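S.K.: In UniProt numbering, the protein residues as written are 1 to 135. All C-beta atoms in this analysis are idealised placements derived from N, C-alpha and C, irrespective of residue type, glycine included. What you are looking at is a predicted structure, and each value in this text was computed from that prediction instead of being measured. Before I ask anything, let me first share the structure, which is written out below as structure tokens.
Spelled out as structure tokens, the structure:
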């Protein structure tokens, strides 16, 4: 007998996140003004996604709501193309707090901790996405 997990908690919470969104690439405009804020689809789009392409003529941005599985797959797929500050770099990032795909906060303190925290967050989110997919 197959046993399915009880995932009713996902539907009952009605989780909705707000993200910045600009579907077409914006040249040298990071889409972080109030007019770019959208409400993501409840219980479907649970993350914010940001894509940054560095070209010789400037930086291009695309931001949107995304499902955790789709965003994590896209960001992992482009990881080898992400070289911030270099021409033709493509970086895709995912986050799950309101408006987290907006402007980057000012750096402070020990920046050596950030990559490790980002790695742990990515692993936890990927694990959660896989659990949700198979649930």
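#1: Measure the CB-CB distance between residue 61 and residue 25 and report whether it falls below 8 Å.
#2: With respect to the alpha helix (DSSP H) encompassing residue 27, which residues constitute its N-terminal and C-terminal limits?
#3: Of the choices 70, 96 and 15, whose alpha-carbon is the least far from that of residue 43?
#4: Could you check whether residue 88 and residue 20 sit closer than 8 Å to each other, using their CB atoms as the reference points?
#5: Would you be able to state if there are at least three C-beta pairs under 8 Å between the region 83-98 and the region 54-72?
M.R.: Based on what the coordinates show:
#1: For the pair residue 61 and residue 25, the CB atoms are nearer than the 8 Å cut-off.
#2: Here residue 27 belongs to no alpha helix (DSSP H); instead the beta strand (DSSP E) covers 22-27.
#3: For residue 43, the nearest C-alpha among the options comes from 15.
#4: Against a cut-off of 8 Å, the Cβ pair of residue 88 and residue 20 comes out as no contact.
#5: Judged by Cβ distances under 8 Å, the region 54-72 makes contact with the region 83-98, as three or more pairs qualify.
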